[in-house]
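Enquirer: First, the structure itself, so that you have it in front of you.
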Amino acid sequence: MSKDNNLITVQDLHVYYGQLEALKGVTMNFKKNEITAVIGPSGCGKSTLLKTINRLNDLVANVTVTGTIKVDDQNVYAPNMDAVELRKQVGMLFQQPNPFPFSIYDNVTYGLRISGEKNKTVLDEAVEKSLQAAAIWDEVKDRLHDNALGLSGGQQQRICIARVLATKPKVILMDEPTSALDPISSDKIERTMLKLKEDYSIVIVTRNMQQASRISDRTAFFLAGELIEFGETRDIFMQPQKKETEDYISGRFG
Ligand SMILES: Nc1ncnc2c1ncn2[C@@H]1O[C@H](COP(=O)(O)OP(=O)(O)OP(=O)(O)O)[C@@H](O)[C@H]1O
Numbered sequence: 002m003s004k005d006n007n008l009i010t011v012q013d014l015h016v017y018y019g020q021l022e023a024l025k026g027v028t029m030n031f032k033k034n035e036i037t038a039v040i041g042p043s044g045c046g047k048s049t050l051l052k053t054i055n056r057l058n059d060l061v062a063n064v065t066v067t068g069t070i071k072v073d074d075q076n077v078y079a080p081n082m083d084a085v086e087l088r089k090q091v092g093m094l095f096q097q098p099n100p101f102p103f104s105i106y107d108n109v110t111y112g113l114r115i116s117g118e119k120n121k122t123v124l125d126e127a128v129e130k131s132l133q134a135a136a137i138w139d140e141v142k143d144r145l146h147d148n149a150l151g152l153s154g155g156q157q158q159r160i161c162i163a164r165v166l167a168t169k170p171k172v173i174l175m176d177e178p179t180s181a182l183d184p185i186s187s188d189k190i191e192r193t194m195l196k197l198k199e200d201y202s203i204v205i206v207t208r209n210m211q212q213a214s215r216i217s218d219r220t221a222f223f224l225a226g227e228l229i230e231f232g233e234t235r236d237i238f239m240q241p242q243k244k245e246t247e248d249y250i251s252g253r254f255g
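Numbering of the sequence shown is given in the working numbering, commencing with residue 2 and proceeding in unit increments.
See below:
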C-alpha cells in the first residue's frame, strides 16, 4: 500500500461492452479506512466500476478493459492474477441480499471451506467473529443451523456481510446495499459500515444522496462514463466545483 493509504488505484480505466464505452478513462484511488461513495445517474458506469475492480465483468461476454487497476499494489488484470483469490480480497455485496439456501453457519463458512479449511474450531471462531463484526451475532447465535433464507431481508444482508468478512478481505464493494431494505435495516447496515471502515476500505454505490453524505468520507460523481468530480464528501455536497455535480446533487437530473 502506498504512503498516502491508497489501497486501490485506478489509472486511465476504459471499459467497453462491445462497442459501448461504459467507462471513459477513469483515474482515481480508494483509501484504506475510508468509505468512498460512488454516485451518478442511471447508466453512468457505477456498477461497471465495481465489477471491474473484482473482475466480476470477466463473466460477461464482449467486455474489454484497458488501463490499470491495482489492489494493494497487485495488478488486478495481470495474467497471473487468480480471479477467485482476488474476490476473497475484494468482497462484494449486492442490492438484493443473496445468501445461499443453506444454514447461517454454512453461509458464513462457505469461502473458508472452499479454500479447504476443515478445522471446526477455526470455522466456529470465524463464524462468531464475522457475525459479531456484521452486527448480527446476538440475533442469530441460537439458530446458526437454521436456513439463512428464513431471515428478514436486512438480516440476510448482514449475513452476506459476515460471509464476505469471513474470507478476510481488504476491500468491500457494496452496490446499493440498502436500497431493497427498510429504513431501520438500512440504518443498521450504515452503522455496521462505519465500524467496518476501521479495518477495511469500503466503496459504496448509492442513489441515496443522504446516505452518501451521512456515511462516506469521499464521494465520486460520474456522468456518462466519466468521473466528473471526486473529493471530500462535504465539499462535493456543500461546494461542488462542477455545474454537473451541483445539478445532480440538487436533484435537477438523474
Ligand atoms: N453486461 C452488459 N452488457 C452490455 N452493456 C452493459 C452491460 N452492463 C452495463 N452495460 C451498459 O453500460 C453502461 C453503464 O452501466 P452500469 O450498470 O455500470 O451503470 P450504473 O451507473 O451502475 O447504472 P444503474 O444506476 O442504473 O445501476 C450502461 O449504458 C449499460 O447499459
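Yeah, the Cβ is synthetic: ideal placement off N, Cα and C, and Gly gets one too.
Under 7 Å from any heavy atom of ligand 1, does the C-beta of S48 make it?
Expert: yes
Enquirer: Assess, as a yes-or-no matter, whether the region 106–117 is touched by the region 61–73 under the definition of 3 or more beta carbon pairs within less than 8 Å.
Expert: no
Enquirer: Measure from the alpha carbon of T179 to the alpha carbon of each residue in K171, D188, V172, K142, then state which is nearest.
Expert: D188
Enquirer: Checking contacts by CB at 8 Å: is F231 closer than that to chain C?
Expert: Among the protein chains of the structure shown there is no chain C, as only one such chain exists.
Enquirer: Please report the straight-line C-alpha distance between E22 and L228, rounded to a whole angstrom.
Expert: 13 Å
Enquirer: Looking at Y17 and ligand 1, is the gap between the Cβ and the nearest heavy atom below 7 Å?
Expert: Outside the cutoff, so no.
Enquirer: So which of Q212, R114, P42, G92 has the shortest CA-CA distance to S202?
Expert: G92
Enquirer: What residue range does the beta strand (DSSP E) around G68 cover?
Expert: Taken as a continuous stretch (DSSP letters only), the beta strand (DSSP E) holding G68 covers 64–72.
Enquirer: What are the complete alpha helix (DSSP H) segments, minimum 4 residues, inside the region 81–150?
Expert: Along the region 81–150, the alpha helix (DSSP H) occurs as fully enclosed runs of 4 or more residues at 84–90, 105–115, 121–134, 138–141, listed in sequence order.
Enquirer: Just to confirm, does L21 get its C-beta within under 7 Å of one of the non-hydrogen atoms of ligand 1?
Expert: yes
Enquirer: Which residues in the same chain as Q211 place their Cβ atom closer than 8 Å to its Cβ, once the five residues preceding and following it in sequence are excluded?
Expert: none
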